[in-house]
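*Asks:*
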Amino acid sequence: MTKVEAVIQPSRFEAVKEVLAELGVEGMTISDVRGHGRQKGHTEIYRGREYSVDLVPKIKVEMVLPDNLVDAAVDAILQTAGSGKIGDGKIFLYRVEEAIRIRNQERGVAAL
Amino acid sequence: MFTRKFWIKAGLLALFLAVAGHAALPQTTGSDSQSERIAKLEQAVAEAKGSADNSWMLMSSALVLMMTGPGLALFYGGLVRKKNVLATMMQSFALMALVTVLWALIGYSLSFGSGNSFIGSLSHLFLRGVGAQPDAAYAATIPQQTFMVYQLMFAIITPALITGAFAERMKFSAMVLFMILWSVVIYDPMAHMVWGKGGLLNAALGGRFPTLDFAGGTVVHVTSGVSALVCALYLGKRLGYPQESMPPHSVVLSFIGACLLWVGWFGFNAGSALSAGSLATSAFVATHFAAAAAVVGWAGAEWLRNGKPSALGAISGAVAGLVAITPAAGFVSPMSALCIGLIAGVFCYWMVSRVKARLGYDDSLDAFGVHGVGGTIGALLTGVFAASAVNPIFKDAQGNPLASGFLEGNYGQLLNQFVGVAIAWGLAAVGTVVILKVVDLTVGLRVSSDHEIQGLDLSQHGEEGYYWEVSA
Numbered sequence: 001m002t003k004v005e006a007v008i009q010p011s012r013f014e015a016v017k018e019v020l021a022e023l024g025v026e027g028m029t030i031s032d033v034r035g036h037g038r039q040k041g042h043t044e045i046y047r048g049r050e051y052s053v054d055l056v057p058k059i060k061v062e063m064v065l066p067d068n069l070v071d072a073a074v075d076a077i078l079q080t081a082g083s084g085k086i087g088d089g090k091i092f093l094y095r096v097e098e099a100i101r102i103r104n105q106e107r108g109v110a111a112l
Numbered sequence: 001m002f003t004r005k006f007w008i009k010a011g012l013l014a015l016f017l018a019v020a021g022h023a024a025l026p027q028t029t030g031s032d033s034q035s036e037r038i039a040k041l042e043q044a045v046a047e048a049k050g051s052a053d054n055s056w057m058l059m060s061s062a063l064v065l066m067m068t069g070p071g072l073a074l075f076y077g078g079l080v081r082k083k084n085v086l087a088t089m090m091q092s093f094a095l096m097a098l099v100t101v102l103w104a105l106i107g108y109s110l111s112f113g114s115g116n117s118f119i120g121s122l123s124h125l126f127l128r129g130v131g132a133q134p135d136a137a138y139a140a141t142i143p144q145q146t147f148m149v150y151q152l153m154f155a156i157i158t159p160a161l162i163t164g165a166f167a168e169r170m171k172f173s174a175m176v177l178f179m180i181l182w183s184v185v186i187y188d189p190m191a192h193m194v195w196g197k198g199g200l201l202n203a204a205l206g207g208r209f210p211t212l213d214f215a216g217g218t219v220v221h222v223t224s225g226v227s228a229l230v231c232a233l234y235l236g237k238r239l240g241y242p243q244e245s246m247p248p249h250s251v252v253l254s255f256i257g258a259c260l261l262w263v264g265w266f267g268f269n270a271g272s273a274l275s276a277g278s279l280a281t282s283a284f285v286a287t288h289f290a291a292a293a294a295v296v297g298w299a300g301a302e303w304l305r306n307g308k309p310s311a312l313g314a315i316s317g318a319v320a321g322l323v324a325i326t327p328a329a330g331f332v333s334p335m336s337a338l339c340i341g342l343i344a345g346v347f348c349y350w351m352v353s354r355v356k357a358r359l360g361y362d363d364s365l366d367a368f369g370v371h372g373v374g375g376t377i378g379a380l381l382t383g384v385f386a387a388s389a390v391n392p393i394f395k396d397a398q399g400n401p402l403a404s405g406f407l408e409g410n411y412g413q414l415l416n417q418f419v420g421v422a423i424a425w426g427l428a429a430v431g432t433v434v435i436l437k438v439v440d441l442t443v444g445l446r447v448s449s450d451h452e453i454q455g456l457d458l459s460q461h462g463e464e465g466y467y468w469e470v471s472a
């Protein structure tokens, strides 16, 4: 099992969610996050006072997948979330030791 | 010790003496002849009536402004995604400023100056001659300046209604230019035709096709609603519509906005009596009853279809009912108002939930589905339900009231209503296409896709409605 964690542009989220669902990804956890990599932020002005906003909004998608799905899921994210511009985001992969469904204590891939 | 009773008695005695002394005063100066005293009395009565009317009309003017800001601004602001909330509210607010300036310079004159059948004149340019003296053709008991500022509030909210159709994708600069042109090319002529002296459709001042439109069903709601549809079609859909879900970011804001609209509408409709008498009461009552019936209609239809009545459905129904009763208030009885509201509530629900999806246009906030459709239904039903007992608008040479609406046997009135509606549709549709083309070729209509994705708050105004802070 592998945990796929992708930080992407909010505007691409709907498309990413859709292709992942088509691949058979059954669940995911989403968070509204702010952050920055190399992408520069923007300035906002309130009554003449400038505020530089360097933390820009992103969506973090987290999901744990059986290993046979991981490559396809990563490819799908790359294709749908990528525009070739700075700010597209990143994908991180982690090995997962165990998964347990709380309702019935199923373990491993069956719990995903 | 003096008891409370003592003080009350003493107070009453003092009051009595004051009143008696005051009443005695004219008699002590009393060399006036009978006729002079009657003339003075008549003048005093006229002044008192003028003051009463004026206070209601100033109050109504303020209520109608409240419909745009904060009413409509909140209603629309809550319906968009949160990245566009400020931009959407700003469109309504900007119109409060822009249209006001325009009205003072030229708008009032073009709408209410005496001109030809289609448009006013330049006689009141820069508000020349608009002062404390009433203009008896419009409202004999209030200063023309009051009439002018009351009408201004209508000129503000009408274009603000259109902003719902192009929400979340139009450039602010384009909106400004579009609205300036729209006010002059569409609103002013339409207001003149229906309400201006000698206007083609004016029912009270001898129009060719006397269309009954008490508070602006054609002038305000049909023109704005049809223009909204044209805008939605011309600009195209928002990026991602309809595949992505774009639910309202805060129905709570919309809820508050709709309630303010309902209250403000009393100024809009009852104020259109242009006086504080029983006609204003009749319009007030009809307005309230139609709104209530439309809530029942829309939310009830939703309940039957989806199994749940929604808050958004209930408030949308109220607005639809208020729109539909706008031309009819002041002409119809409370029972007719209930009918009009119920019909509008159900029909607008059907338009917005079924027909829009089938036709596939993206009228973001349903400006057409509610104002265009509701306004058209209301204008036609006014011709059906208008009652001479409520408002004897048509009279014979001896001054006896004639039949008003279809149900009273004045079948031709329905035709006149059709003519009024058709002219409003035609002028709004053709005029809006031309204006959009002009704006498109000069400043460009739509924001870039990057800006649309980023949201109009940031891309157009450099602000966020909900600033995100890292808490310390």
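Listed in order, the protein sequences are those of chains A and B. Under the working numbering, the first residue of the first sequence is numbered 1, with each subsequent residue one higher. Under the working numbering, the first residue of the second sequence is numbered 1, with each subsequent residue one higher. Glycine residues also receive a C-beta, built at the ideal position from the N, C-alpha and C atoms.
Which residues in the same chain have their Cβ closer than 7 Å to the Cβ of E97 of chain A, if we skip the five residues on either side of it in sequence?
*Replies:* Here the set comprises nothing.
*Asks:* For chain A, is any of its Cβ atoms less than 7 Å away from the one on E244 of chain B?
*Replies:* Yes, E244 of chain B lies at the interface with chain A (some Cβ there is under 7 Å from its Cβ).
*Asks:* Can you give me the Cβ contacts of H249 of chain B inside the same chain, cut-off strictly under 6 Å, excluding the 5 residues immediately before and after it?
*Replies:* Here the set comprises R81, K82.
*Asks:* With DSSP collapsed to three states, give me the class of D396 of chain B.
*Replies:* In this structure, D396 of chain B counts as coil in the three-state DSSP scheme.
*Asks:* Could you compute how far the alpha carbon of A15 of chain A sits from the alpha carbon of A111 of chain A?
*Replies:* In a straight line, the C-alpha of A15 of chain A is about 26 Å away from that of A111 of chain A.
*Asks:* Using a threshold of 7 Å, state whether the C-beta atoms of S272 of chain B and F214 of chain B are closer than that.
*Replies:* Yes, these two residues count as a Cβ contact at 7 Å.
*Asks:* Taking Cβ positions only, does E44 of chain A come closer than 7 Å to chain B?
*Replies:* Yes, E44 of chain A counts as interfacial toward chain B.
*Asks:* Which of helix, strand or coil does DSSP assign to M63 of chain A?
*Replies:* Three-state result, M63 of chain A: strand.
*Asks:* Taking just the CA atoms, how far does G199 of chain B sit from A397 of chain B?
*Replies:* Cα-Cα distance, rounded: 21 Å.
*Asks:* Among A:R107, A:F92, A:S11, A:E62, whose alpha-carbon lies nearest the alpha-carbon of T29 of chain A?
*Replies:* Cα-wise, what sits closest to T29 of chain A is A:E62.
*Asks:* When you compare only the Cα positions, how much space is there between E44 of chain A and S459 of chain B?
*Replies:* If I take the Cα positions, the gap works out to 10 Å.
*Asks:* With a CB to CB cut of under 8 Å and the five nearest residues on each side skipped, what residues in its chain are close to T28 of chain B?
*Replies:* In this predicted model, T28 of chain B has a pLDDT of only 48, less than 50, meaning its place in the structure is not dependable enough to derive any value.
*Asks:* Can you tell me the Cα-Cα spacing of I119 of chain B and I106 of chain B, whole angstroms?
*Replies:* Distance between the alpha carbons of I119 of chain B and I106 of chain B is about 12 Å.
*Asks:* Any beta-carbon of chain B closer than 7 Å to the one on S11 of chain A?
*Replies:* Yes, its Cβ sits closer than 7 Å to a Cβ of chain B.
*Asks:* Taking the beta strand (DSSP E) that G35 of chain A belongs to, which residues open and close that run?
*Replies:* From DSSP, the beta strand (DSSP E) with G35 of chain A extends over 29-35.
*Asks:* Note down, in chain order, each residue of its chain lying with its Cβ closer than 7 Å to the Cβ of D362 of chain B, except the 5 sequence neighbours on either side.
*Replies:* Around D362 of chain B: A232, K237, R238, Y241.
*Asks:* Based on DSSP bridge pairs, tell me the residues matched to M170 of chain B.
*Replies:* DSSP lists B:R446 as partners of M170 of chain B.
*Asks:* List, in chain order, every chain B residue whose beta-carbon is nearer than 7 Å to that of R34 of chain A.
*Replies:* Within 7 Å Cβ-Cβ: W468.
*Asks:* How should L456 of chain B be labelled, buried or exposed, when 16 other C-beta atoms within 10 angstroms of its C-beta is the threshold for buried?
*Replies:* L456 of chain B is buried by the Cβ-count criterion.
*Asks:* So, are the CB atoms of M96 of chain B and G69 of chain B less than 7 Å apart?
*Replies:* The answer is yes: Cβ separation under 7 Å.
*Asks:* So P327 of chain B and A379 of chain B are in contact, right, with Cβ under 8 Å, and what is the actual spacing, rounded?
*Replies:* Sure, about 5 Å apart at Cβ, within 8 Å.
*Asks:* On the CB-based measure, 16 or more other CB atoms within 10 Å of its CB, does V130 of chain B come out buried or exposed?
*Replies:* By the neighbour-count rule (16 or more Cβ atoms within 10 Å), V130 of chain B is buried.
*Asks:* At a CB-CB cut-off below 9 Å, which residues of chain A make contact with E168 of chain B?
*Replies:* Those within 9 Å of E168 of chain B in chain A number zero; the least Cβ separation is about 13 Å.
*Asks:* Compare the C-beta of E463 of chain B with all C-beta atoms of chain A and state if any pair is closer than 7 Å.
*Replies:* Interface residue, yes.
*Asks:* For E44 of chain A, which three-state DSSP category applies?
*Replies:* Of the three classes helix, strand and coil, the one that applies to E44 of chain A here is strand, per DSSP.
*Asks:* Contact defined as beta carbons within less than 8 Å: I believe Q145 of chain B pairs with A132 of chain B. What is the distance between those atoms, to the nearest angstrom?
*Replies:* With 8 Å as the limit, Q145 of chain B and A132 of chain B qualify as a contact, their Cβ atoms being about 7 Å apart.
*Asks:* Within 7 Å (strictly less), CB to CB, does E14 of chain A reach chain B?
*Replies:* Chain B, which has a Cβ nearer than 7 Å to the Cβ of E14 of chain A, makes this yes.
*Asks:* Going by other Cβ atoms of all chains shown within 10 Å of its Cβ, with 16 needed for buried, is R107 of chain A buried or exposed?
*Replies:* So R107 of chain A ends up on the exposed side.
*Asks:* Taking CB distances under 7 Å as the criterion, tell me whether I340 of chain B reaches chain A.
*Replies:* Chain A contact via Cβ: absent.
*Asks:* Should the region 101-115 of chain B be regarded as contacting the region 180-194 of chain B, the criterion being three or more beta carbon pairs within less than 8 Å?
*Replies:* Yes, they touch.
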